[in-house]
Amino acid sequence: MIERFALSYFQVSLLNIIRDLPSLFSLAIGTFISRIDRRYLNYLIIVAPITMIILMSLIGTIPSYMILLVLLFITGITSAAFHISTPPIIKELSRDRIGTGISLYQLGGEAARSLGPLVILGSISIWGLEGGYRLIPVGLICSLLLYSKIKDIKIDNIFNRQEDKEHKLLLFSLLKEQSNFILKIGAIRFFWSLIKISLTLFLPTYLTVTKGASLWLAGGALTIVQFSGAIDTYLGGSISDSIGREKMILISVICTSITMLGLTLSSGVYLLILLIILGFFIYSINPVILTLVQEADSKPTVIINGFYKTISFISTALATLIIGQGADLYGLTTVYRTVPLLLLLSIPLILNLADTN
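Taken in order, the sequence shown gives residues 1 to 357; the numbers are from the UniProt record's numbering.
#1: Rounded C-beta distance between Thr259 and Leu278? I'm assuming under 8 Å.
#2: Name the residue from Val47, Ile74, Ile29, Ile124 whose alpha carbon lies nearest to the alpha carbon of Leu55.
#3: According to DSSP, is Lys165 part of a helix, a strand, or is it coil?
#4: State buried or exposed for Lys165, treating a residue as buried only when at least 16 other CB atoms are found within 10 Å of its CB.
#5: Helix, strand or coil, according to DSSP, for Leu344 in the structure here?
#6: For Thr86, does the three-state DSSP call read helix, strand or coil?
#7: Give every residue of the same chain whose Cβ lies closer than 6 Å to the Cβ of Ile98, excluding the five residues on either side of it in the sequence, and list them in chain order.
#8: Indicate the three-state DSSP secondary structure (helix, strand or coil) for Arg95 in the structure shown.
#9: When burial is assigned at 16 or more other CB atoms within 10 Å of the CB, is Gly132 buried or exposed?
#10: Three-state secondary structure (DSSP) at Ser8?
#11: Compute the beta-carbon to beta-carbon distance between residue 396 and Ile347, rounded to the nearest angstrom, for a pair I have assumed lies under 8 Å.
#12: If you draw a straight line from the C-alpha of Ile67 to the C-alpha of Asp152, how long is it?
#13: From what residue to what residue does the alpha helix (DSSP H) around Ile153 run?
#14: Nearest by alpha-carbon distance to Ser8: which of Tyr336, Asp241, Ser79, Leu329 is it?
#15: If you draw a straight line from the C-alpha of Asn305 to the C-alpha of Leu44, how long is it?
#16: Write down the C-beta distance between residue 403 and Thr78 rounded to the nearest angstrom, noting that I regard them as a contact closer than 8 Å.
#17: Alpha carbon to alpha carbon, how far is Ile311 from Leu21? Give it in angstroms, no decimals.
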């Protein structure tokens, strides 16, 4: 896509922002979902991924950059609806092991991100960039399997509807009580996103341009990071059930910063080893943060999820713009050496997090 549309690094970053832009309205989406009749929620949860599957599989046929932006924006709307409505269900089903439940939930997503680059590379090798639509039936089968698992779940107690006046009072009270906590979470996510965006969006480019890696090696490196992260996505939440959420985040931040710095100085086998370690630590942060949000003293949880997603979008979008612009101005090598140092700035916020939850 970079070659087809002659995109700069900043324009590539903008694609990621446009895809996540609907998350800016997550609070409104969460409020809307909390008022939907429960009979329709199961259909919402299944329609969202089906829409994403079809649109994302057609990216290779898009004739212009502007149409690509529109397609990614629509995909972002369905993604936001799905990721706001499902965590409360996971919380309800997990009972007293919320960390483990959220980790399993995110493990599925990280596993998909791990296999995704390989599937896409295989698809491009066989059918070309325009042949991605052939993967749609596989996605539809997976979506129908998901529906068969959730169609009988009783969600009356998870999503509670309120009258207009009661709903406005609840929303105002929730924002007042939880704003300090969510803002600190958003700041932590901003520093974390600087490294995550650098890896997920630019790792293949960084390896091919600065390390001379082949396309398959660069794509395989991203898969290594994602697969290693998928493992720790489960372990991170489970371990946090034992040692505490804040302590788990602190350990992950310090280890991620050290490993990322080592990555810029390594090559060959050492580079692959550091990628495994880096993926292991960086992806342990997200499920723990999401667990903290689910544990916040608020009802209904879907609204606090919307608040969290909105703040997360703002922090992630800002981080994406900074990484894209920084890569254009100073090069990816400088960016990769700077972001680990910036991540360490989140340590004071982490140490003070327990007081605001």
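The beta-carbon is built from N, C-alpha and C at its ideal position, and this holds for glycine as well.
With the given structure in hand:
#1: A Cβ-Cβ distance of about 4 Å is found for the pair Thr259 and Leu278, placing them in contact under the 8 Å criterion.
#2: Comparing Cα-Cα distances from Leu55 to each of Val47, Ile74, Ile29, Ile124, the minimum goes to Ile74.
#3: Model confidence at Lys165 stands at a pLDDT of 48, short of 50, so the residue's coordinates are unreliable and nothing is read from them.
#4: For Lys165, the predicted structure reports a pLDDT of 48, less than 50, and the residue's modelled location is therefore unreliable. A value from the coordinates is still provided. Under this definition Lys165 is an exposed residue.
#5: Reduced to three states, the DSSP call for Leu344 is helix.
#6: Coil at Thr86, not helix or strand.
#7: Apart from the 5 residues on each side of it in sequence, Ile98 sits with its Cβ closer than 6 Å to the Cβ of Lys91, Thr291, Gln294 in its chain, given in chain order.
#8: Residue state, collapsed to three classes: coil.
#9: Flag for Gly132 reads buried.
#10: Note: Ser8 maps to coil in three-state DSSP.
#11: The requested residue 396 does not occur in the structure, where the chain is confined to residues 1 to 357.
#12: Spanning the two alpha carbons is a distance of roughly 38 Å.
#13: DSSP places Ile153 outside any alpha helix (DSSP H), giving it a letter other than H or E.
#14: Ranked by how close their Cα comes to the Cα of Ser8, the residues Tyr336, Asp241, Ser79, Leu329 have Leu329 in first place.
#15: When rounded, the distance between both Cα atoms is 17 Å.
#16: A query on residue 403 cannot be resolved here, the shown segment of the chain reaching from 1 to 357 and no further.
#17: Rounded to whole angstroms, Leu21 to Ile311 spans 11 Å at the Cα level.
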